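**Student:**
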Amino acid sequence: MPRRPIGRRLAKHQPLAFSPFMRLLAFASMARRDLPHPKDCQCSEEISFDEKEKVPKLSRKEKDEQSSDSSDEEDSQGDVQADFEFFDPKPTDFHGVKTLLQNYLDDKEWDLSSFVDLILEQTTVGTVVKVADDEDESVFAVVTALNLARYKDNKCFREVKEFLRKVCSEKNITKDLEMLLEKKAQDVGLLVSQRVMNLPPQLLPPLYDGLFDEVAWATEDEPTGELRRSFRFKSYLLVTKIYKLKNPQQRKPRRGEEDIEETIFLKPEDELFLELSSWSFTFPMCSQLVTSQEMKNYQLMGLVMAVEANKIPKFRQLLNSLID
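Using the working numbering, the first residue of the sequence shown is number 212, and each one after it goes up by one.
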C-alpha cells in the first residue's frame, strides 16, 4: 500500500530539550559527525532544520560545567543543512534500525535481528527517518506498532514477553501485564519508538500522527480480514528508558541552583504516555546511555507502560501543544 502524506515542512525551530538539565544531558551525549545523504528512496514529504540550532545555547556558567572537550565541540560546530524525510521500512535499513534498538531489552542477549526483520517487513504501518540524499541511508529514528498475537510464535516476541515478566517486580501490575501479553494479546500493539537523542523535536508530531493514521488505514486497507483485525488495537504496550535520581531524599539543590529533577525523560513524549497510561512500572537497567558528570547521581531505568488506544487522540493533541 503506498504511503499517504503524513509530514509537514518545518517553518520554525524549537529547543532540543525541555529543561536546562535535559539540555545538558543532550549536549553531553551528542557525538559530532558529518550527516550522510540517502538516495533512491521514496517518501511523502521532507522536513528541514538548521543543524546549528539543534545545539542548545549554553550560558557561561553552563559552559564551565561542561568538560573542555564538549566546550570545544560546541565552539567548532559549523552550519549544516539537513532535510529529514519519512520512509517506509525496507531491508536495507536493517543495520540502522538494529543499532537504534541495540539496548531495547537492556543488556539481554536475544534474537534482535529477527525482531528488526519483523519491523522492516511490516511496511503498511511503520516509519524510518533519514536525511535527504544520504548515500549511506543512515537511520535516525524508527517507529512502528506490532500486534502481540500476530507474532506470538516468533522467538523474538517470546523473548520480549519473557523479559517483561522477569523485570516486573510489582505484584499489583503482574496480573495486568500478563493479561496484555496473553489473553488480550490480539488487541495489543507493541509500540516501538527509538531515535538518536539529538533528533529535532519538531519531527515528533508528524512522526506519531503518521503512525496512528497508518494504524487506522490498515484496519480498512489490509487485504485480509485477519490482517485488518490485527491493527484494531485496544491498548499499546511501550518499553522505553528514563533516568531516575538515585537518592531523591538526600539531593537538595544548592543556593542558586534550579530544582533537581527526580525523573529525566529521554523522549518528551514518554512523559505524556505516562500521564495517560493505565499502569506502568520501572526496573533498573545495567546499560548506561550517558556517562557524564551531570548524570552521576542518576540511574538509567527501564519504563514499561500500557496506554489504552482511546487515549491516543489526547496524546496527539498534547504532543502537538508541547512541540508548538
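Glycine is no exception: its CB is placed at the ideal position from the N, C-alpha and C atoms.
Please read all numbers here as calculations on a predicted model, not as lab measurements.
For residue 358, which beta-bridge partners are listed by DSSP?
**Tutor:** 400
**Student:** Is residue 340 near residue 374, with beta carbons less than 8 Å apart?
**Tutor:** No; because the gap between Cβ atoms is not below 8 Å, this pair is not in contact.
**Student:** Examine chain D for any beta-carbon lying closer than 8 Å to the beta-carbon of residue 405, and answer yes or no.
**Tutor:** Included in the structure is just one protein chain, with no chain D present.
**Student:** Taking 8 Å as the limit between beta carbons, can you name the residues of its chain near residue 444, skipping five residues before and five after?
**Tutor:** 356, 358, 398, 399, 400, 426, 520
**Student:** Kindly give me the distance between the Cβ atoms of residue 514 and residue 493, rounded to whole angstroms, as I take these residues to be in contact under 8 Å.
**Tutor:** 5 Å
**Student:** Can you tell me which of 377, 384, 314 puts its alpha carbon nearest to the alpha carbon of residue 488?
**Tutor:** 384
**Student:** Using only CA atoms, which one of 439, 481, 480, 391 lies nearest to residue 446?
**Tutor:** With distances taken between Cα atoms, residue 446 lies closest to 391.
**Student:** In terms of residue numbering, what span does the beta strand (DSSP E) encompassing residue 495 cover?
**Tutor:** 490 to 495
**Student:** Taking all protein chains shown into account, decide if residue 376 is buried (16 or more other Cβ within 10 angstroms of its Cβ) or exposed.
**Tutor:** Exposed.
**Student:** Of all the beta strand (DSSP E) runs that stay within the bounds of the stretch 329 to 384, which reach a length of 3 or more residues?
**Tutor:** Correct list: 338 to 342, 352 to 358.
**Student:** Residue 532 lies in the alpha helix (DSSP H); which residues open and close that run?
**Tutor:** 523 to 534
**Student:** Given residue 289, which residues of its chain have a CB within under 6 Å of its CB, disregarding the five upstream and five downstream residues?
**Tutor:** For residue 289, the predicted model reports a pLDDT of 43, less than 50, meaning its position is unreliable; a value from the coordinates is still stated below. Around residue 289: no qualifying Cβ.
**Student:** On the DSSP bridge assignment, give the partners of residue 474 in chain order.
**Tutor:** 455
**Student:** For residue 318, count the other beta carbons within 10 Å of its own beta carbon; 16 or more makes it buried, fewer makes it exposed. Which is it?
**Tutor:** exposed
**Student:** Residue 426 by DSSP, collapsed to three states: which one?
**Tutor:** In this structure, residue 426 counts as helix in the three-state DSSP scheme.
**Student:** Anyone know if the C-beta pair for residue 410 and residue 352 falls short of 8 Å?
**Tutor:** yes
**Student:** What residue does the beta strand (DSSP E) around residue 482 start on, and which one ends it?
**Tutor:** No beta strand (DSSP E) holds residue 482; the alpha helix (DSSP H) holding it covers 479 to 487.
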